[in-house]
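Just so you know, the numbering used here puts 190 at position 184 of the sequence shown, and the rest follows in order with no gaps.
Idealized CB from N, CA, C, for every residue including glycine.
Everything below concerns the one structure shown next.
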Amino acid sequence: MAISAQMVKDLREKTGAGLMDCKKALVENNGDFDKSIDWLREKGISKAEKKASRVAAEGLVEVKTDGNHAIIFELNCETDFVAKNDKFTALVKKIASALIEAKKPCEECALEVEVDGKALKDVLLSETATIGEKITFRRYELITKEDNQVFGSYVHFGGSIASVVVLNGENEEVARNIAMHIAASNPQYISRDEISEEVIKHETEVLTAQALNENAESDKPKPQNIIEKMVIGRLNKNFQDICLLSQPYVKNPDETIKSYLKSANSSIALFKRLAVGEGIEKKEDNFAEEVMSQSR
């Protein structure tokens with residue numbers, strides 16, 4: 007069967023594969039369009055699996071709300087160049103729309119959600135083959151609120167950081183402001199009450215050892231009771247920095263988040279914040295060693 011340029015063009019638009027790959031697929035399958043798609047998919051999966059060992063630490067994070075539900079997730083790729091590509095951005099938006107509609111409760115079941123007629127896990131394999139970089143989906147979460155609560159969400163720098171907050175009350179503007187603050191200030195807890203005794207004990211031990219080392223090297227060593235007060239002060243300062251309610255509000259550093267919420271007659275139920283690449287060990291290239299190895 008003769009393979010026309012239009013057939014190749016149609017297959018390329020459908021699959022995103024290269025022109026020569028599309029022509030070969032049509033030739034191998036005697037012009038059968040659906041079989042050619044399957045053939046490209048099979049070849050794509052083969053190529054994608056070879057990329058499985060690569061580190062995908064770039065990408066975008068996204069948050070989307072709908073009624074009493076919100077989803078937040080991260081889609082990773084290998085390079086910042088791909089992350090900023092319009093096609094990758096469109097893929098993230100498309101996935102977000104499918105996920106918020108499906109409202110799946112876990113990452114594993116989210117991978118089975120259909121995106122353009124295919125399971126998300128298969129879309130990722132196809133995109134890995136088409137884009138030429140490992141594409142991974144991680145840190146997905148479905149968040150549910152009550153009718154007397156509101157969502158606030160914020161995405162920073164086109165997808166480098168995303169946050170979502172559930173606020174007790176009905177003030178959506180306050181909820182968005184808090185989400186923006188969370189993106190900027192990266193709190194770890196709502197308040198000190200959430201910090202476990204184990205964490206407090208560990209931080210106390212670290213700060214005590216630090217203070218004792220400083221004291222040992224000082225020309226004027228401090229007595230034990232002063233060292234203990236120093237440790238308590240540093241501990242309080244550290245926890246103030248990582249607890250949302252005690253942080254200075256980014257839009258008005260003269261007040262804390264706690265006082266801002268109180269003035270708005272609101273309170274925090276929960277929050278979630280994602281930044282691209284958190285928890286992924288990135289490969290560190292040593293340029294000098296690479297040059298030397300090439301010269302041997």
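Check	Outcome
Ser-197 beta carbon less than 7 Å from that of Leu-130	no
Leu-117 (DSSP reduced to helix, strand or coil)	coil
Contacts around Gln-194, its chain only, beta-carbon distance under 7 Å, and the 5 residues preceding and following it disregarded	Ile-248
Under 7 Å between C-beta atoms of Glu-139 and Val-88	yes
Within 7 Å, strictly: CB atoms of Phe-277 and Val-171	yes
Same chain, Cβ closer than 8 Å to Met-13, neighbours up to 5 away in sequence not counted	Leu-32, Gly-37, Phe-39
Same chain, Cβ closer than 8 Å to Asp-260, five either side skipped, listed in chain order	Pro-254
Terminal residues of the beta strand (DSSP E) in which Lys-278 lies	273–281
Short CB-CB distance (under 7 Å) between Asn-231 and chain C	Among the protein chains of the structure shown there is no chain C, as only one such chain exists.
Residue of Thr-210, Ile-232, Ala-222 minimising C-alpha distance to Phe-245	Thr-210
Boundaries of the beta strand (DSSP E) in which Cys-112 is found, first to last residue	Where Cys-112 is concerned, there is no enclosing beta strand (DSSP E), given that its DSSP letter is neither H nor E.
contact_flag[the stretch 227–239, the stretch 261–274] where n(CB pairs < 8 Å) is 3 or more	no
Beta-carbon contacts of Ala-54 that lie in its chain and below 6 Å, excluding the five residues immediately before and after	Its pLDDT being 48, under 50, Ala-54 is placed unreliably by the model, and nothing is read from it.
Cβ-heavy atom distance, Leu-131 to the ligand ATP, below 6 Å	Because no ligand of any kind appears in the structure shown, any question about the ligand ATP cannot be addressed here.
Proximity of Ile-149 and Ala-76 at Cβ, strictly below 7 Å	yes
Helix, strand or coil at Val-171 according to DSSP, with G and I counted as helix	strand
Buried/exposed call for Ala-8, threshold 16 Cβ in 10 Å	exposed
For Leu-46 and Asp-16, believed in contact at Cβ under 8 Å, the rounded distance	Their Cβ separation, rounded to whole angstroms, is 13 Å, which puts Asp-16 and Leu-46 out of contact at 8 Å.
Where Val-161 falls, given that 16 or more other Cβ within 10 Å makes a residue buried	buried
Opposing strand residues paired with His-208 [DSSP bridges]	His-208 pairs with nothing; no bridge assigned.
Cβ-Cβ separation, Asn-177 to Val-205 (assumed contact under 8 Å), whole Å	Contact doesn't hold; Cβ gap of about 32 Å is too wide.
Opening and closing residue of the alpha helix (DSSP H) in which Gln-230 lies	230–248
Reduced DSSP secondary structure (H/G/I, E/B, other) of Phe-94	helix
Val-61 - DSSP class collapsed to helix/strand/coil	coil
Start-to-end residues for the alpha helix (DSSP H) that takes in Ser-191	178–191
Same chain, Cβ closer than 6 Å to Ala-281, neighbours up to 5 away in sequence not counted	Ile-167
Sequence ranges, beta strand (DSSP E) only - wholly within the stretch 120–158, length at least 3	142–150
Leu-25 - containing beta strand (DSSP E), residue span	Careful: Leu-25 lies outside any beta strand (DSSP E), inside the alpha helix (DSSP H) at 25–34.
Whether Thr-85 touches Glu-64 by CB criterion (7 Å)	yes
Cross-strand partners of Phe-79 (DSSP beta bridge)	Glu-68
Top-ranked residue by Cα proximity to Cys-83, from Asn-219, Leu-25, Val-98	Val-98
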